[in-house]
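Peer 1: Next up is a structure, given as C-alpha cells.
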Amino acid sequence: MDTILRVRDIKKSFDGTGVLSGVSLDIREGEVVVIIGPSGCGKSTLLRCINGLEQIDSGEIWLRDELISGRKKDMHLIRQRIGMVFQSYDLFPHMNVMDNLLLGPVKALKKPKEEVEAEAVAMLRRVGLEGRGQALPRTLSGGQKQRVALVRAMLMHPELLLLDEITAALDPEMVSEVLNVVIDLAGDGMTMAIVTHEMRFAEAVADRVLFLEQGSVVEQGTPEQFFHDPQTDRAKQFLQSFTYTSKRERS
Amino acid sequence: MDWSFIGEHVPDYLGGAAVTLRFGLYGVACSLLLGLVCCLLRYFRVPVLRRIAGGYIELARNTPLLVQLFFLYAGLPRVGVRLSAEACAVIGLTFLGGAYMAEAFRSGLEAVDKSQREAGECIGLTRAQNIRYVLLPQALATAAPALFANVIFLIKETSMFSVLAMMDLMNVADTLRTSGGRTVEVLFMLIVAYLIILLPVSLIATWVERRLRYAGFGDQHTV
Amino acid sequence: MQDLGISILFKGINFQRLLGGLWVTLRIALITIGLSAAFGLLFGLLMLSKNKIAKGFCRVWLEIVRFMPQLVLLYLVYFGFARIFSLDLSGETSAIAMFTFWGTAEMGDLIRGALTSIPRHQRESAAALGLTPAQIYLHVLIPQTVRRLLPQAINLSTRIIKTTALVKMINVTEVLKVGQQIIGQFYRQPDAAFWVYFTVFLLYFIVCWPISVLAGRLEKRWA
Numbered sequence: 095m096d097t098i099l100r101v102r103d104i105k106k107s108f109d110g111t112g113v114l115s116g117v118s119l120d121i122r123e124g125e126v127v128v129i130i131g132p133s134g135c136g137k138s139t140l141l142r143c144i145n146g147l148e149q150i151d152s153g154e155i156w157l158r159d160e161l162i163s164g165r166k167k168d169m170h171l172i173r174q175r176i177g178m179v180f181q182s183y184d185l186f187p188h189m190n191v192m193d194n195l196l197l198g199p200v201k202a203l204k205k206p207k208e209e210v211e212a213e214a215v216a217m218l219r220r221v222g223l224e225g226r227g228q229a230l231p232r233t234l235s236g237g238q239k240q241r242v243a244l245v246r247a248m249l250m251h252p253e254l255l256l257l258d259e260i261t262a263a264l265d266p267e268m269v270s271e272v273l274n275v276v277i278d279l280a281g282d283g284m285t286m287a288i289v290t291h292e293m294r295f296a297e298a299v300a301d302r303v304l305f306l307e308q309g310s311v312v313e314q315g316t317p318e319q320f321f322h323d324p325q326t327d328r329a330k331q332f333l334q335s336f337t338y339t340s341k342r343e344r345s
Numbered sequence: 434m435d436w437s438f439i440g441e442h443v444p445d446y447l448g449g450a451a452v453t454l455r456f457g458l459y460g461v462a463c464s465l466l467l468g469l470v471c472c473l474l475r476y477f478r479v480p481v482l483r484r485i486a487g488g489y490i491e492l493a494r495n496t497p498l499l500v501q502l503f504f505l506y507a508g509l510p511r512v513g514v515r516l517s518a519e520a521c522a523v524i525g526l527t528f529l530g531g532a533y534m535a536e537a538f539r540s541g542l543e544a545v546d547k548s549q550r551e552a553g554e555c556i557g558l559t560r561a562q563n564i565r566y567v568l569l570p571q572a573l574a575t576a577a578p579a580l581f582a583n584v585i586f587l588i589k590e591t592s593m594f595s596v597l598a599m600m601d602l603m604n605v606a607d608t609l610r611t612s613g614g615r616t617v618e619v620l621f622m623l624i625v626a627y628l629i630i631l632l633p634v635s636l637i638a639t640w641v642e643r644r645l646r647y648a649g650f651g652d653q654h655t656v
Numbered sequence: 450m451q452d453l454g455i456s457i458l459f460k461g462i463n464f465q466r467l468l469g470g471l472w473v474t475l476r477i478a479l480i481t482i483g484l485s486a487a488f489g490l491l492f493g494l495l496m497l498s499k500n501k502i503a504k505g506f507c508r509v510w511l512e513i514v515r516f517m518p519q520l521v522l523l524y525l526v527y528f529g530f531a532r533i534f535s536l537d538l539s540g541e542t543s544a545i546a547m548f549t550f551w552g553t554a555e556m557g558d559l560i561r562g563a564l565t566s567i568p569r570h571q572r573e574s575a576a577a578l579g580l581t582p583a584q585i586y587l588h589v590l591i592p593q594t595v596r597r598l599l600p601q602a603i604n605l606s607t608r609i610i611k612t613t614a615l616v617k618m619i620n621v622t623e624v625l626k627v628g629q630q631i632i633g634q635f636y637r638q639p640d641a642a643f644w645v646y647f648t649v650f651l652l653y654f655i656v657c658w659p660i661s662v663l664a665g666r667l668e669k670r671w672a
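Chains as they are written, first to last, in our numbering: chain A, 95 to 345; chain B, 434 to 656; chain C, 450 to 672.
This is how it looks when you write it as C-alpha cells:
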C-alpha cells in the first residue's frame, strides 16, 4: 500500500526548549496511527507541524511525493488535503452548522454548493445530527459540536485526518458518541493520526501505537503488543499511571 | 430668544450641516479603509509595512487634529504641496481616524480566538478567505462599539474644519456670531444642529450593538 | 542666499517662545487633569448610587459631553456665558472650566466602569477565605480596580492634552498661536510656516507619546 505521510527526523523547539527532538513516522494509506504519551511530550506539536501550523526547525515532511515542510506560499493547498480537528471544536460561532460545513468545500475547493449540501446532509445523518443544519454552534452540546467538526473536516475528503485530543474538553458521557464516529471512519479506511488520552479507544481504533516521550519516539507497535506487553520501562510506567489502587488494596 | 432670527438662518445651518456631514462621512469611510489595512498589516506581521503602520498610528494618535490641519493647510503649501481645503479636511480626518479605527479593529481581531484562525487554515482557506469569512465577521461584532464611538468622535472633530475656511456648522455659527452679535441664538442652533446629526448615529449604534449581543456567539471558551 | 526656514526656529528666542506656548497648553491640561480626577471620583460614585435623580443628572451630563464637539462647548462657555450671565471669563479660565466639565464626566465613567468590572465571584471567593469586608476591599477589590482604571485614565490624560490645542480658537496664546506669531514675523521666509507647524506637531507628539506608551505598558502588564 502507498505511504501517505513520511515524517523524517523533524526537530522543533520553542524559545530554546526542545519539544520534538528528531521524530520520524510513516503512515500508510488506510492506516490509523495513535500517538500517546505524557502531557508535554510533543504529541500535539507533532500534529501541528504536519499541518504546517508550526514551522519545523529541521527535518522533512512529505505528503505522498511532495515535500510539504518549509513551504509558505501555497500551504493552503496542502491543508486542503489534510483534515484536522482540535480539542476546542473551533466551529465558527457566527455561522450555523450548515455554513460551517460548506465553507471549506465551497470556498476553498470551489465545489458546487448543491452537491456539498447533499453530502453534508447525509454526513450529518450518519453522525446522528440529522436536521441540525440550521442550528447555531452555541446551541449544541460539546459532543454535538465535535461531531460537526469531524463532519466539517471529512467533507474536504482529506487524504489524511489529524485528530488532536478531540475528547479532552468533553463531559465523560459525551466521549463515546464522538469516538464511535471516529471508529466508524476508521472502518471506512480513513487514514488518521490521532492524539488521545483515551486508552481503551486507542486500543480499539489503532493499527499502530506510537509512544512519545520528551519529544522522541520511545516505543511503537501494534496495540496488542503495546498495551499488553510493552517493551520499555517508560511505556510500562506510563500505562500503570492509568490504574488506581483502592484503599483496601493499599492497607 | 429671537425665534425670527433663528427661522431666518435655518438655511445657513442646513448648508453648514451638509458640509459637516459630507466631509465627515468621507473621512469616516476613508478612515475605516485605512484603519482596516493598517490593522491587517500588523495582524499578519507583514514585514516593514507593519512597522510603518505602527509608526503612523502612534503619530496620529498622539497629536491634535487642529495641529495636523494647520500643517496640511498652511504648512505644506510653503514647500510646494498645495491642497484644497476640502482635500485637507478629508486627508486630515482620515489621518486621525485611520489610527483610531485601526486600534478598534485590532482589539476586535485580538478578541477572536487564535484557534479560529487555525481552524480556517485547516480547511484550506487562503489568507484572504480566512479574513473575509472567519476572522472579520467575528472581529466586527466585538469591535462594533469602538467603531461607532470613533464615528461619533470623527464627526465631532469636523468642527475643526472651520480653520480651513470651510463653511461647516462651526464656521457658519462663528460667522453669524461675529457679524450679528446674537450669540445665544447662534450657539443654541449650533447645539441643536449637532444633536440632530449625532443622535441618529448614536441610536443606530445602540441598535446594532444590541443585535450583535443577542446574536452572541456563546460558549466558545469551555476549554 | 536664503536661509532654510528651519533656521528661524533657532533665531533669537523663537524656540523658547514656542516652549513657553507649550507650557501654557500643558498648564491648562495639568490643572484640568487634576480637577477631573477629583470631581470624576465623585461623579463615578454618584453614577453608582441608588439615587435616581443623581444618576439621571450624571447621565445627561455624560451625554452632553459625548455629543457636543469640544469646540462647541468651549464657545458656549467663552462666548455664551459672557452673554447670558454677563460673565467675562478669560480664555484660560473658560478653557479650564470647560475641559474640567468634559474630563469629569469621562473620568467618572471610567471609574464607574472599573468599579463594576470586577467579577462578583472575586468578592465571593475572598469572603469564602474568611477575609473581613475591609480586607476584601484592601487586598482584592481596590488593587483590581486601580489596575483597570489607571491605563484608561492615563489615556484620557493624553486626550485632554491634545484637546487643549483648541484654546487657540478662543485667543489663548498657546503653542499654536505663538507659532503663528513667529510665522507672521518671518513672512519673508516662505517655508517658515512649514517648519513651525511641523515643530508644533512634533512637540505635541513628544509630550503625548511617552504617556501613551506608559499607558500601553501598564495595560499589557495588568491585563
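The C-beta atom is built at its ideal place from N, Cα and C for all residues, glycine as well.
In terms of alpha-carbon separation, which member of M250(A), Q228(A), D258(A) lies closest to Q240(A)?
Peer 2: Checked all of M250(A), Q228(A), D258(A); the closest Cα to Q240(A) is D258(A).
Peer 1: Can you list, in chain order, the residues of its chain whose CB lies under 7 Å from that of N145(A), leaving out five sequence neighbours each side?
Peer 2: If we look at N145(A) and ignore the five residues flanking it on each side, its Cβ neighbours are R173, I176, M178, L256.
Peer 1: With a threshold of 16 other CB atoms inside 10 Å of the CB of L447(B), please say whether the residue is buried or exposed.
Peer 2: Label assigned to L447(B): exposed.
Peer 1: Please check if any C-beta of chain B sits within less than 9 Å of the C-beta of F650(C).
Peer 2: It does; some Cβ of chain B falls within 9 Å.
Peer 1: For a quick check, are the C-beta atoms of L557(C) and G493(C) less than 9 Å apart?
Peer 2: A small fix is needed here, since residue 557(C) is Gly in this sequence, not Leu. Result yes, Cβ atoms of G557(C) and G493(C) sit closer than 9 Å.
Peer 1: Please report whether the beta-carbon of R455(B) lies at a distance below 9 Å from any beta-carbon of chain C.
Peer 2: Taking Cβ atoms only, chain C never reaches closer than 9 Å to R455(B), which makes this a no.
Peer 1: Under 9 Å, Cβ to Cβ, is there at least one residue of chain A near T559(B)?
Peer 2: Closer than 9 Å to some Cβ of chain A, the Cβ of T559(B) qualifies, so yes.
Peer 1: Specify the secondary structure class of D301(A) as computed by DSSP and reduced to three states.
Peer 2: Residue state, collapsed to three classes: coil.
Peer 1: From K501(C) to R515(C), what distance separates their C-alpha atoms?
Peer 2: Rounded to the nearest angstrom, the two C-alpha atoms are 21 Å apart.
Peer 1: May I ask you to report which of helix, strand or coil DSSP gives M599(B)?
Peer 2: Coil, per DSSP.
Peer 1: Ordered along the chain, which non-local residues of its own chain (more than five positions away) have a Cβ less than 6 Å from that of R615(B)?
Peer 2: So the list reads F438, once near-sequence residues are dropped.
Peer 1: Quick check on G525(B): does DSSP put it in helix, strand or coil?
Peer 2: If DSSP states are grouped into helix, strand and coil, G525(B) belongs with the helices.
Peer 1: Suppose you measure from the CA of V312(A) to the CA of G237(A); what does that come to, to the nearest Å?
Peer 2: So the alpha carbons of these two residues sit roughly 32 Å apart.
Peer 1: Compare the C-beta of V656(B) with all C-beta atoms of chain A and state if any pair is closer than 9 Å.
Peer 2: Interpretation of V656(B) is limited by its pLDDT of 26, a score under 50 that renders its predicted location unreliable; the figure taken from the coordinates is listed afterwards. Yes - at least one Cβ of chain A is within 9 Å of the one on V656(B).
Peer 1: Among the residues of its own chain, which have a CB less than 8 Å from the CB of I585(B), if the five just before and after it don't count?
Peer 2: Result list for I585(B): L631, V634, S635, A638, in chain order.
Peer 1: Does M434(B) pass the burial test, meaning 16 or more other C-beta atoms within 10 Å, or should it be called exposed?
Peer 2: Result: exposed.
Peer 1: Taking only three categories from DSSP, how would you classify R515(B)?
Peer 2: Three-state result, R515(B): coil.
Peer 1: Using 9 Å as the threshold, is the C-beta distance between M250(A) and A202(A) below it?
Peer 2: Closer than 9 Å, so yes.
Peer 1: According to DSSP, is T655(B) part of a helix, a strand, or is it coil?
Peer 2: With a pLDDT of only 30 at T655(B), under 50, the local geometry of the prediction cannot be trusted, and no value is derived from it.
Peer 1: State the DSSP-derived secondary structure class of S138(A), mapped to helix, strand or coil.
Peer 2: If DSSP states are grouped into helix, strand and coil, S138(A) belongs with the helices.
Peer 1: Name, going along the chain, the residues of the segment 115–148 of chain A whose beta-carbon falls closer than 9 Å to a beta-carbon of chain B.
Peer 2: Listed by position, the residues of the segment 115–148 of chain A near chain B (Cβ gap below 9 Å) are R142, N145, G146, L147.
Peer 1: Taking the alpha-carbon of I603(C) as reference, which of A486(C), S456(C), Q465(C) has the nearest alpha-carbon?
Peer 2: Of the listed residues, the one whose Cα sits closest to I603(C) is A486(C).
Peer 1: Starting from the beta carbon of R532(C), find every residue of chain B whose beta carbon is closer than 7 Å, and list them in chain order.
Peer 2: Under the 7 Å cutoff, chain B gives T616, V617.
Peer 1: Let me make sure I understand the geometry here. Which of I619(C), F528(C), P592(C), K626(C) has the alpha-carbon closest to that of W671(C)?
Peer 2: When only C-alpha atoms are compared, the closest one is P592(C).
Peer 1: Note the first and the last residue of the continuous alpha helix (DSSP H) segment covering K106(A).
Peer 2: No alpha helix (DSSP H) contains K106(A), which is instead part of the beta strand (DSSP E) from 97–108.
Peer 1: Let me know if G525(B) comes out buried or exposed under the rule of 16 or more other beta-carbons within 10 Å of its beta-carbon.
Peer 2: It is buried - the Cβ of G525(B) has at least 16 other Cβ atoms within 10 Å.
Peer 1: Taking one C-beta from the segment 592–609 of chain B and one from the segment 552–560 of chain B each time, how about it: are there three or more such pairs within less than 8 Å?
Peer 2: No contact exists between the segment 592–609 of chain B and the segment 552–560 of chain B.
Peer 1: Within its chain, find whatever has a CB closer than 7 Å to the CB of I277(A); leave out the 5 residues flanking it on each side and keep chain order.
Peer 2: The answer, listed in chain order, is A298, V299.
Peer 1: Taking Cβ positions only, does R173(A) come closer than 9 Å to chain B?
Peer 2: Closer than 9 Å: yes.
Peer 1: Is it the case that the Cβ atoms of I629(B) and A450(B) are separated by a distance below 9 Å?
Peer 2: For I629(B) and A450(B), yes; Cβs fall inside 9 Å.
Peer 1: What first and last residue would you give for the beta strand (DSSP E) that runs through M178(A)?
Peer 2: Here the beta strand (DSSP E) through M178(A) covers 176–179.
Peer 1: Mapping the DSSP letters down to three states, classify L168(A) as helix, strand or coil.
Peer 2: Reading the sequence as shown, one finds Asp at residue 168(A) and not Leu. In this structure, D168(A) counts as coil in the three-state DSSP scheme.
Peer 1: Is there at least one Cβ from chain B nearer than 9 Å to D537(C)'s Cβ?
Peer 2: Judged by the 9 Å Cβ criterion, D537(C) is not in contact with chain B.
Peer 1: From this set, G281(A), L157(A), I121(A), which residue's C-alpha is nearest R302(A)'s C-alpha?
Peer 2: With distances taken between Cα atoms, R302(A) lies closest to I121(A).
Peer 1: Between the Cα of I556(B) and those of V191(A), A247(A), P132(A), spot the shortest distance and give me the residue it belongs to.
Peer 2: Minimum Cα distance to I556(B) is reached at A247(A).
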